[in-house]
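Worksheet for the structure shown next.
Residue numbers (mature numbering (1 follows the signal peptide of the UniProt record, and there is no 0)): -25 to -1, 1 to 303.
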């Protein structure tokens, strides 16, 4: 079968396996599901969504089409979901970047966090500080000292977009240590990483990908630190921010999950939530996700997922208020 998807989207069809009891007579029997990734193909979000999509398709007995809708720090992908029908057939592989920070900080978003409903949180991802290969630093403390050199030009950094957690983290890092940085926004992690390797920017703050260790081994970039105080066993070689002498308390991770429109019928939300929960219980997926630096969460009930989402909104609203940030 050949799918005629818009050229601006990198998409893949994930074939469904046999029908399971999770599906009901009307949903999702009518058509394939669209799993929207709000970043270009090749990044950490894209890889995670494709792996989850296989198991969600299996659980529902229906095809899942991954659509990459990059731009606006994830805002365009989020709006793609909100402008679709509230029928459970279009859902977002999302995070606080798109669901919370974009509407708080980007006046062009024209939506609010409460327009989404979290069906199931899935994982907390490791965030890393990467430097171009020829930057004369090897640790986060050396990096901070280098950035603060008297008379030095601001170091340039790449992120997945204006208003993303990675952007805000880096600005906050500069404020904490007394260094000035110049932001270079990208449409996703993959192009930011490509330009870092090409030495177009000095450093980047991005979600960890296993391939980064190979890039570091080939001297294409440097991994200066993770912003974690503990890591999965598979990432034991990565430095921890808690080992820093300068900012050991600068600890951040980012939580991901699957979102639908708030007005999606409860039965469809429940079916999708249980399908994602099924995926979370698969050993092969857990092993791959943990190798990518993600701590997978246990399947939640819908009331627990709702409470988790409410707590996330409150957390990031407080961060924005503390920094005095306003919509741009």
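The beta-carbon is built from N, C-alpha and C at its ideal position, and this holds for glycine as well.
Please read all numbers here as calculations on a predicted model, not as lab measurements.
Residue i and residue j closer than 8 Å at C-beta
i	j	result
residue 13	residue 51	yes
residue 269	residue 98	yes
residue 74	residue 216	no
residue 71	residue 291	yes
residue 102	residue 201	yes
residue 260	residue 197	no
residue 244	residue 17	no
residue 132	residue 170	no
residue 81	residue 47	yes
residue 140	residue 210	no
residue 228	residue 100	yes
residue 164	residue 135	yes
residue 31	residue 208	no
residue 199	residue 94	no
residue 265	residue 185	no
Beta-ladder partner(s) of residue i, from DSSP
i	result
residue 182	102
residue 234	67 and 93
residue 107	196
residue 160	134
residue 269	100
Cβ-based neighbour list, residue i, same chain, cut-off 7 Å, excluding 5 preceding and 5 following
i	result
residue 28	-12, 10, 39 and 41
residue 147	298
Assigned exposure category for residue i - 16 Cβ within 10 Å defines buried
i	result
residue 1	exposed
residue 37	buried
residue 128	exposed
residue 273	exposed
residue 236	buried
residue 92	buried
residue 162	buried
residue 113	exposed
residue 233	buried
residue 279	exposed
residue 157	exposed
residue 285	exposed
residue 294	buried
residue 193	exposed
residue 238	exposed
residue 126	exposed
residue 276	exposed
residue 179	buried
Minimum Cβ-Cβ distance from residue i to chain B less than 8 Å
i	result
residue 9	The structure shown contains no chain B, having only a single protein chain.
6 Å CB neighbourhood of residue i in its chain, flanking five on each side removed
i	result
residue 283	96
residue 253	34
residue 223	217
residue 190	196
residue 84	50, 77 and 78
residue 65	9, 56 and 59
residue 86	57 and 78
Chain-order list of residues whose beta-carbon lies under 8 Å from that of residue i (same chain, five-residue window excluded)
i	result
residue 195	108 and 172
residue 123	152, 153 and 154
residue 49	13, 14, 69, 70, 72, 73, 77, 135, 136 and 139
residue 220	116
residue 174	107, 108 and 109
Item to check | Completely contained beta strand (DSSP E) runs for the stretch 113 to 157, where each covers 3 or more residues | outcome: 130 to 134, all fully within the stretch 113 to 157.
Checklist entry - In the stretch 194 to 257, which residue ranges form an unbroken beta strand (DSSP E) of at least 3 residues, counting only runs that do not cross its ends? => result Whole beta strand (DSSP E) segments, 3+ residues: 196 to 201 and 228 to 236.
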